[in-house]
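Chains as they are written, first to last, in our numbering: chain A, 1 to 329; chain B, 1001 to 1131.
All C-beta atoms in this analysis are idealised placements derived from N, C-alpha and C, irrespective of residue type, glycine included.
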Amino acid sequence: MTTRTPDRFRCQVVFPALGTTAAMLVTDPVALPAAEAVLRAELAAVDRGCSRFRPDSELTRVNVGAGVTTTVSAYFAEALQAALRAARLTGGVVDPTVGSAVIALGYDRTFASLAPEDARPVPVSRPASGWRRIAYDPRTRRLRLPPGTRLDLGATAKALAADRAARQAAAVTGCGVLVNLGGDLATAGPAPQGGWRIALADDHAQPAPQGGPAVTVTGGALATSGIRVRTWRRGGRVLHHIVDPATGEPAAPVWRTVTVAAATCVDANAAGTAAIVLGARAPDWLRANALPARLTGLDGTVLRLGGWPADSHAPAPADLRGTAPGGPR
Amino acid sequence: MSPSPDEFRPTPGPAFSAHARDRGLRRSRRTTVWIAATAAAGAAALGGVYTHLIPGGPAAPAPAPVHQPATSHAATPAGKDDGGREKPNGHEADEEDGEQGAAPAAQPAPQPPAQPPAATQQQPQTTTGAS
Chain A
1 MTTRTPDRFR CQVVFPALGT TAAMLVTDPV ALPAAEAVLR AELAAVDRGC
51 SRFRPDSELT RVNVGAGVTT TVSAYFAEAL QAALRAARLT GGVVDPTVGS
101 AVIALGYDRT FASLAPEDAR PVPVSRPASG WRRIAYDPRT RRLRLPPGTR
151 LDLGATAKAL AADRAARQAA AVTGCGVLVN LGGDLATAGP APQGGWRIAL
201 ADDHAQPAPQ GGPAVTVTGG ALATSGIRVR TWRRGGRVLH HIVDPATGEP
251 AAPVWRTVTV AAATCVDANA AGTAAIVLGA RAPDWLRANA LPARLTGLDG
301 TVLRLGGWPA DSHAPAPADL RGTAPGGPR
Chain B
1001 MSPSPDEFRP TPGPAFSAHA RDRGLRRSRR TTVWIAATAA AGAAALGGVY
1051 THLIPGGPAA PAPAPVHQPA TSHAATPAGK DDGGREKPNG HEADEEDGEQ
1101 GAAPAAQPAP QPPAQPPAAT QQQPQTTTGA S
C-alpha cells in the first residue's frame, strides 16, 4: 500500500518494502514521480540481489554455493563490497558472515512470519566464520565463501540501497532527495532551507512522541540501530537480530538505541551496528572516529558524542500530510 | 592370351620398399604430432575463455581471501586494538604471517558528515529509528 496525498504539492511517498518502510522526500513536488521510480527500481534490485528470504535471490545462490567459486553480478559485488567495507571499518565487529548464527538463533524466515515464541532451546552458538576468510576478487567479481558460511547482507545492503537511490534520484531530478529505508536515511542534492527535519525514536515505525528529540541535517546520512525491535523469544530468552560475530550470540544489551551521522548511510549503519555490539566500548570507538552519535542506554540515559546537539522539543512528525520540505505550503 | 613378360612392372627391391615405408611413417608421425598440438592449444584457449564466461567453473583459479594487514580481535574496534591477535585458520595464517614484514596499510575509518546534525524545534518530516 502506498500512502499518497491528493494535492499537487505532495513531496513525499511512503510504502512498505524490504520488510520495513520506505519513504522518500523531495524538495520539488514535480520531481516526486521520477524520484519514486528510481527508488522502486533500487528496492527491486536490492531485494532480488540481497534478500536471504527469497529462494531466487543471488544471495541465496551464493550461500547455497558456499565452498565453490562463483561469479557475482555487478550489483551483488557492490553490496558485498559495502559489507566488507563495514567489516573493515569496524575491525570485524560488523561481519557479513553472521548469517549462519542468525539462522541458528531462529531468524530463518521473514520477520513477519517468525513465531514470536519458540519453545525450542537456543542452540549452542558458534562464532561467525569471519569476513577475512571470504575469497573475493573485485576485478573479476569471483567469490568463494568458506564452506558452510552464509552471508547476511541485510543491514549494509539496505543502507547501500538508500545511498544509491538518493544519489540517483537527485541526479535524475536535480532536486534535493531524502530516502528513508526503515530508519536508515540518506540524502543527496540540495537540502531544503533549514535542512531535513528528522525525529529520533527507538522504533522508526512507531509514531514519534510529541516533543520528542529531533534534528536537522543538510547532507550525509543518519542510521539507527537498536535492540528493542526485531526481537523474539526462544527457549525462554528474548533474542534480537544484532549478532556479535565473535560469539554468534545477540549482542549483550548495553544500548537500547544508537543513532549515528556519517557521510554515507553505509558508514552510519556500520557504525550504529558496531556501537550496539561494542556496548561499553562504543563511546571510545565513536569518539576515535569523530562520528556524531546519540546513544540511549537501557535506562533511557542519553549520551551525545561528536557534536550531536542537545535534545530539542519538536512537535510530532508530519503525518504524511503533503508538507513541502521547506515548510507547509 | 597371357600378357607378355614385358608388360609386368618390375618388382621394387627390398631397399626401396623400406625407404618408402619409413617416409610414410615419418609423415604420419608428423601429422599426428601436429594434430595433437593443435588440439591441446585449442583446448587451452577455449578453457581460458570458458573460465571467464561460465560462473562457478571448477577450472577457474580461486580468488584470494580478503586481506587485512593489521588483524585485531573480532570484537575490538579499529584503532583500539588490545594487542590480541586473532589467529586465522588454514592457509590464511601462513599468508598473513608472510606479510609481517610489510608496511602496515592505513586503517580505513568511517567518513564523518560534513556537518553534525543540528537541533530543531520544527515539525519533523520523517523518523529515524531501529527496524
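For A:PRO29, which of A:ALA170, A:ALA119 and A:VAL215 has the nearest alpha-carbon?
Among A:ALA170, A:ALA119 and A:VAL215, the Cα nearest to that of A:PRO29 is on A:ALA170.
Which residues mark the beginning and the end of the beta strand (DSSP E) in which A:TRP255 is found?
Note, A:TRP255: beta strand (DSSP E), 255-262.
Reducing DSSP to helix, strand and coil, say where A:ASN63 ends up.
Note: A:ASN63 maps to helix in three-state DSSP.
Grab me the residues of A:THR20's own chain with a C-beta within less than 6 Å of its C-beta, minus the 5 sequence neighbours each way, in chain order.
If we look at A:THR20 and ignore the five residues flanking it on each side, its Cβ neighbours are GLY182.
Where DSSP assigns a beta bridge to A:GLU117, which residues make up the other side?
Per DSSP, A:ARG233.
Report the neighbours of A:ASP299 on chain B: residues whose CB is nearer than 8 Å to its CB, in chain order.
Result: empty, since nearest Cβ-Cβ is about 17 Å, beyond 8 Å.
Hey, could you find the ends of the beta strand (DSSP E) A:ILE198 is sitting in?
Where A:ILE198 is concerned, the enclosing beta strand (DSSP E) stretches over 196-203.
In terms of alpha-carbon separation, which member of A:ALA275, A:ALA261, A:PRO207 and A:ALA262 lies closest to A:VAL254?
Closest option to A:VAL254, Cα to Cα, is A:ALA275.
Can you give the beta carbon distance from A:VAL98 to A:ALA87, rounded, assuming they're within the 8 Å contact cut?
About 10 Å; that fails the 8 Å criterion.
Does the distance from the CB of A:ALA364 to the CB of A:GLY220 come in under 8 Å?
Residue 364 of chain A is absent from the structure shown; chain A starts at 1 and stops at 329.
Does the distance from the C-beta atom of A:VAL266 to that of A:ARG85 stay below 8 Å?
Their beta carbons are under 8 Å apart, which means A:VAL266 touches A:ARG85 by this criterion.
Measure the CB-CB distance between A:VAL124 and B:THR1120 and report whether it falls below 8 Å.
No, Cβ-Cβ distance for A:VAL124 and B:THR1120 is not below 8 Å.
Which chain A residues are close to B:VAL1066, counting only those with a beta carbon under 9 Å from its beta carbon?
Those within 9 Å of B:VAL1066 in chain A are LEU84, ALA87, ARG88, TRP131, ARG132, ARG133, ILE134, ALA135 and TYR136.
Chain B beta carbons: is any one of them nearer than 8 Å to that of A:LEU32?
Answer no: the Cβ-Cβ gap between A:LEU32 and chain B never drops below 8 Å.
Does B:ALA1114 come within less than 8 Å of chain A when only Cβ atoms are used?
By this cut-off, B:ALA1114 is an interface position.
Would you decide whether B:THR1028 is buried or exposed? Buried here means 16 or more other CB atoms lie within 10 Å of its CB.
Before going on, a small fix: residue 1028 of chain B reads as Ser here, not Thr. Exposed: under 16 other Cβ atoms inside 10 Å.
Three-state secondary structure (DSSP) at A:LEU151?
It is coil, neither helix nor strand.
With distances taken between CB atoms, is the gap from B:THR1126 to A:ALA23 smaller than 8 Å?
Yes, the Cβ-Cβ distance between B:THR1126 and A:ALA23 is below 8 Å.
Taking the alpha carbon of A:VAL194 as the point to measure from, which residue in B:PRO1112, B:PRO1117, B:ARG1023 and B:LEU1025 has its own alpha carbon closest?
For the sequence presented, residue 194 of chain A should be read as Gly rather than Val. It is B:PRO1117.
Closest to A:PRO250 by CA distance: which of A:ALA271, A:ARG126 and A:GLU78 is it?
Selected option, being the one with the closest Cα: A:ARG126.
Using only the alpha-carbon positions, how far apart do A:THR218 and A:GLU117 sit?
Taking the straight line from one Cα to the other gives about 42 Å.
If we call anything under 8 Å between Cβ atoms a contact, is A:ALA223 one with A:ALA268?
A contact, by the Cβ cut-off of 8 Å.
Return the CA-CA distance between A:LEU59 and B:ILE1035, expressed in angstroms with no decimal places.
Approximately 45 Å between the Cα atoms of the pair.
Does A:ASN332 come within less than 8 Å of chain B when only Cβ atoms are used?
With chain A running from 1 to 329 in the structure shown, residue 332 of chain A is simply not present.
At a CB-CB cut-off below 8 Å, which residues of chain B make contact with A:LEU25?
What A:LEU25 touches in chain B: GLN1125 and THR1126.
In angstroms, rounded to a whole number, what distance separates the CA positions of B:ALA1075 and A:VAL243?
Bear in mind that a pLDDT of 35 at B:ALA1075, under 50, signals an unreliable position, so the model cannot answer this.
Report yes if the C-beta distance between A:SER73 and A:GLY91 is below 8 Å; otherwise report no.
No.
Which whole-angstrom value is the C-beta distance of A:LEU145 and A:GLY67, which I expect to be below 8 Å?
A:LEU145 to A:GLY67, Cβ: 7 Å. Contact.
Name, please, each residue of chain A whose Cβ falls closer than 9 Å to the Cβ of B:GLY1129.
By Cβ distance, chain A contributes GLY182, GLY183, ALA199, LEU200, ALA201, ASP202, ASP203, HIS204, ALA205, GLN206, ALA208, THR224, GLY226, VAL229, THR257 and THR259.
So which residues of chain B does A:LEU39 contact, with C-beta pairs closer than 9 Å?
Chain B residues near A:LEU39: none, gap ~14 Å exceeds 9 Å.
Can you name the residues of chain B whose CB is closer than 9 Å to the CB of A:VAL20?
What sits at residue 20 of chain A in the sequence shown is Thr, not Val. Here the neighbours are SER1131.
Can you tell me whether A:LEU278 is helix, strand or coil according to DSSP?
The answer is helix: DSSP assigns A:LEU278 an H, G or I state.
Would you say A:TRP196 reaches chain B, if we count a Cβ-Cβ gap shorter than 8 Å as a contact?
Chain B, which has a Cβ nearer than 8 Å to the Cβ of A:TRP196, makes this yes.
Short of 7 Å in beta carbon distance, which residues of its chain neighbour A:LEU32, apart from the five on each side in sequence? Order them along the chain.
The residues are ARG10, CYS11, VAL13 and VAL26.
How many angstroms separate the CA atom of B:ALA1041 from the CA atom of B:GLY1047?
Each residue's alpha carbon lies about 10 Å from the other.
Whole angstroms is fine: what's the gap from A:GLY236's alpha carbon to A:TYR107's?
Near 15 Å, if we compare the C-alpha coordinates of A:TYR107 and A:GLY236.
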